[in-house]
Amino acid sequence: MAFGTFDVYHKGHENYLKQAKKLGEYLVVVVARDKNVLRIKKQDTRNKERKRLKEIKLSGLADAVVLGNLKDRYKIIEKYRPDVIALGYDQEVDLVELKDKLKKINLNAKIVRLKSFKPEIYKSSLIMKHVT
0 MAFGTFDVYH KGHENYLKQA KKLGEYLVVV VARDKNVLRI KKQDTRNKER KRLKEIKLSG
60 LADAVVLGNL KDRYKIIEKY RPDVIALGYD QEVDLVELKD KLKKINLNAK IVRLKSFKPE
120 IYKSSLIMKH VT
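Position 109 (the sequence shown) corresponds to 108 in numbering that gives the first Met the number 0; numbering is contiguous.
What follows is the structure in structure tokens.
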């Protein structure tokens, strides 16, 4: 399972999903909800959640692409019960909280921090500065 906002899909996202796909037999990609992105990142997405969801589906890299839960970001983990949770190299996640949630739902998922792909070029925050 992989998570992300995927606003302005780029080669860094593609590489992230390819790495995540190699970790298991079936890849579920969870696209962040607009309201959750605004709450967490304190800014709107450039592209709305449905468009971002469609972009990931069109990439063909995921077996399933779903929107995250509006109220509890961990509900989707409980629903799909993945063997592996793939995190981007710069993805901000409270690992203590994540591990605690996994323990509470009795899920022994492996958490893997993936490698960056040319972060000096393919980092979303850099790309967003150049997109009009």
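The beta carbon of each residue, even a glycine, is placed where N, CA and C say it ideally should be. Source: prediction; values computed, not measured.
My guess is that residue i and residue j are in contact by the Cβ rule of under 8 Å, so how many angstroms apart are they, rounded?
{"i": "R49", "j": "F5", "result": "With 8 Å as the limit, R49 and F5 do not qualify as a contact, their Cβ atoms being about 12 Å apart."}
{"i": "G67", "j": "R32", "result": "5 Å"}
{"i": "V36", "j": "F2", "result": "Contact doesn't hold; Cβ gap of about 12 Å is too wide."}
Apart from the five residues just before and just after residue i, which ones in its own chain have a Cβ nearer than 7 Å to its Cβ?
{"i": "G23", "result": "D82, V83"}
{"i": "K17", "result": "L60"}
If I measure Cβ to Cβ from residue i and keep anything under 8 Å in the same chain, skipping five residues before and after, which residues do I get?
{"i": "E54", "result": "F5, Y8, N46"}
{"i": "K40", "result": "T4"}
Within a Cβ cutoff of 6 Å, which residues of the same chain sit near residue i, ignoring the five residues on either side of it in sequence?
{"i": "K141", "result": "No answer is possible for residue 141: the residues shown for the chain start at 0 and end at 131."}
{"i": "S115", "result": "Y88"}
Under a three-way DSSP split, which group does residue i fall into?
{"i": "R38", "result": "helix"}
Suppose contacts are defined by Cβ-Cβ distances below 8 Å. Is residue i in contact with residue j by that definition?
{"i": "Y15", "j": "D62", "result": "no"}
Is residue i buried or exposed, if buried means 16 or more other CB atoms sit within 10 Å of its CB?
{"i": "L57", "result": "exposed"}
{"i": "L94", "result": "exposed"}
{"i": "A72", "result": "Rather than Ala, the amino acid found at residue 72 in this sequence is Arg. It is buried - the Cβ of R72 has at least 16 other Cβ atoms within 10 Å."}
{"i": "I104", "result": "exposed"}
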